[in-house]
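Student: Below is one structure. I have some questions about it.
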């Protein structure tokens, strides 16, 4: 039995893990690489396996860095079933169609540039098109939480709530090899406890092998209450300056939490009603899907609904469906709030709002989600003095603010606490993080659990099950285990000691 790491290996995006037994081949996630050109070019490379030979795909959630290459996989010959949760099926359709539209628009833009530069040969083609999405959606299969589901010969899975976005799942996998059964647990993207609207991550009792994310594996979030208070103050300050408050937000997850927070501010009378523009057709559709899955809401959100309050709606909220709706926002003299995608500022309408307002000292850009290396959002967080947008250099005179407490990812302490609930771990593999975060968290996890922990690089194949050996992995791993604790780990250790 083998587990191969073909994506999200010492990087955040492109999640893709292949579990192989003598009787089955199951792919866990098929995500798109995002960020720098170096990262994105990997989306066009051949798969490391024959898609037609896969028995099944298991999808942890709908975010594009976990699902975005599914249409390519199907176009390349995969004809099996994709098993995921009910809400993820609903979200995947709108998100993959939106992703396909972005691929088509990017190809059109690249083709125009290709012609202007007088290049010869065929112009760039989209990664996939909207026509590729329906055949992919046809393969999705809805699986309830907590129900064992056979997905391939000798392989069954069970989903529990990962608390990251609506429909996100921790995946337990039982794989048979001969007379022996091995259990793997994939954390998927693990949410932050106490997140608005959705339930906290659920724990798992035991596993032989753990694959765990590390997006914030060397960070400790601010308390959510402190960040909500800071968010409120940013809204108040923006109102006083009559500026545009621009919030780049992922269509699923961050958008709904931002709307929830604004709802609480307005309903409590702590801030004056603004004009709040939700300027993202995808986010509008996703928010409606989230509302339709209220059975997955947490107790606080359910109590608001029972009291007649709609947690993601409030006075002043306006939906911008069309391009003309979006353009009209530029003529709003303020104060106003604009929530738009994409969350890392790599595409979508938010780039136009940034183009029009980054030079305005009365404007504010509020970053509320993770920003991968090589993205415009990351450049802004790192306080660049100017950025390039649509071929022009734009000075950054706007205020740039960042709130980590609204993150949809667990921090170091939360990841460690979740992993501690799992008994029987023989080895853990740390993925889905920038390299320093991966290495720091692998060392911290080793110290906390006293089990072998590894930080696989892309293409690494681990032998699993009875009789397997980890000798080939240990040399580098032992160096990782000797890493000095990160500042975040030291803070947690000192806090526990105190």
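Numbering (the working numbering), first residue to last: 83 to 580.
For glycine and all other residues, C-beta sits at the position ideal for the given N, C-alpha and C.
As the structure is a computational prediction, the values presented were derived from the model and not from experiment.
Got a sec? Which residues, its chain only, sit under 8 Å from residue 281 by beta carbon, not counting five neighbours each side?
Tutor: 243, 245, 378, 379 and 380
Student: Between residue 141 and residue 148, is the Cβ-Cβ spacing less than 8 Å?
Tutor: yes
Student: Alpha carbon to alpha carbon, how far is residue 286 from residue 529? Give it in angstroms, no decimals.
Tutor: 20 Å
Student: Check whether the segment 146-161 and the segment 118-136 are in contact - that is, three or more C-beta pairs closer than 8 Å.
Tutor: Between the segment 146-161 and the segment 118-136, the count of Cβ pairs shorter than 8 Å is three or higher; the stretches touch.
Student: Quick one: what's got a C-beta closer than 7 Å to residue 570's C-beta in the same chain, skipping five residues either side?
Tutor: 300, 301, 302 and 494
Student: Which residues does DSSP pair with residue 240 in a beta bridge?
Tutor: 254
Student: What are the start and end residues of the beta strand (DSSP E) that includes residue 313?
Tutor: Taken as a continuous stretch (DSSP letters only), residue 313 belongs to no beta strand (DSSP E), being part of the alpha helix (DSSP H) at 306-323.
Student: Does the beta-carbon distance from residue 416 to residue 422 come in below 8 Å?
Tutor: no
Student: Per the contact definition of three or more C-beta pairs closer than 8 Å, is the segment 529-547 in contact with the segment 473-493?
Tutor: Counting C-beta pairs closer than 8 Å gives fewer than three between the segment 473-493 and the segment 529-547, which falls short of the contact rule.
Student: Going by other Cβ atoms of all chains shown within 10 Å of its Cβ, with 16 needed for buried, is residue 232 buried or exposed?
Tutor: So residue 232 ends up on the exposed side.
Student: Would residue 257 pass as a contact of residue 507 if the rule is Cβ separation under 8 Å?
Tutor: no
Student: Would you mind stating whether residue 418 and residue 330 have Cβ atoms separated by less than 8 Å?
Tutor: no
Student: Comparing alpha-carbon positions, which option in 446, 514, 526 and 542 lies nearest residue 535?
Tutor: Per the Cα distances, 526.
Student: Going residue by residue through the segment 511-548, where are the continuous alpha helix (DSSP H) segments of at least 4 residues, counting only ones entirely within it?
Tutor: 517-531
Student: Keeping to the same chain, check which residues put their C-beta closer than 8 Å to that of residue 579; ignore five residues upstream and five downstream.
Tutor: Below a pLDDT of 50, predicted positions are generally treated as unreliable, and residue 579, at 48, falls in that range; no measurement from the model is reported.
Student: Exposed or buried, what is residue 345 when buried is set at 16 or more other beta-carbons lying within 10 Å of its beta-carbon?
Tutor: Buried, since its Cβ has 16 or more Cβ neighbours within 10 Å.
Student: Since residue 225 contacts residue 264 with CB under 8 Å, what's their CB separation in whole angstroms?
Tutor: Actually they do not touch by this definition, with Cβ atoms about 21 Å apart.
Student: Here's the rule I'm using: 16 or more other beta-carbon atoms within 10 Å means buried, otherwise exposed. How should residue 558 be labelled?
Tutor: Residue 558 is exposed by the Cβ-count criterion.
Student: In the DSSP assignment, what residue or residues form a beta bridge with residue 493?
Tutor: 298
Student: Within the same chain, show all residues whose beta-carbon is closer than 8 Å to that of residue 59, passing over the 5 residues directly before and after it, in chain order.
Tutor: Since the first residue of the chain shown is 83 and the last is 580, residue 59 is not available in this structure.
Student: Using a Cβ-Cβ cutoff of less than 6 Å, which residues in the same chain neighbour residue 124 once the five nearest sequence positions on both sides are dropped?
Tutor: Sequence-distant partners of residue 124 (beyond 5 residues in either direction) whose C-beta falls short of 6 Å from its own C-beta, in its chain, are 115.
Student: So, using beta-carbon positions, are residue 618 and residue 339 closer together than 8 Å?
Tutor: Past the boundaries of the shown model lies residue 618; the chain is included only from 83 to 580, so the question cannot be answered.
Student: To the nearest angstrom, report how far apart residue 324 and residue 200 are at their CA atoms.
Tutor: Going from the Cα of residue 324 to the Cα of residue 200 covers about 46 Å.
Student: At what residues does the beta strand (DSSP E) containing residue 481 begin and finish?
Tutor: 481-484
Student: Sort out for me which residues DSSP pairs residue 326 with in a bridge.
Tutor: The beta-bridge partner set that DSSP reports for residue 326 consists of 418.
Student: Can you tell me which residues form a DSSP beta bridge with residue 265?
Tutor: 256
Student: Helix or strand or just coil, what does DSSP make of residue 184?
Tutor: helix
Student: Please state if the CB of residue 361 and the CB of residue 293 are separated by a distance shorter than 8 Å.
Tutor: no
Student: Looking at the structure shown, is residue 576 part of a helix, part of a strand, or coil, going by DSSP?
Tutor: helix
Student: Rounded to the nearest angstrom, how far is the Cβ of residue 359 from that of residue 411, given a contact under 8 Å?
Tutor: 5 Å
Student: Please classify residue 352: is it buried, with 16 or more other beta-carbons within 10 angstroms of its beta-carbon, or exposed?
Tutor: With a 10 Å radius around the Cβ and a threshold of 16 neighbouring Cβ atoms, residue 352 comes out exposed.
Student: From residue 482 to residue 326, what does the alpha carbon distance come to, in whole angstroms?
Tutor: 12 Å
Student: Buried or exposed, going by whether 16 or more other CB atoms sit within 10 Å of the CB of residue 137?
Tutor: buried
Student: Taking 8 Å as the cut-off, decide whether the C-beta atoms of residue 171 and residue 139 are in contact.
Tutor: Going by C-beta atoms, residue 171 is not nearer than 8 Å to residue 139.
Student: Which residues bound the alpha helix (DSSP H) around residue 459?
Tutor: Taken as a continuous stretch (DSSP letters only), the alpha helix (DSSP H) holding residue 459 covers 458-463.
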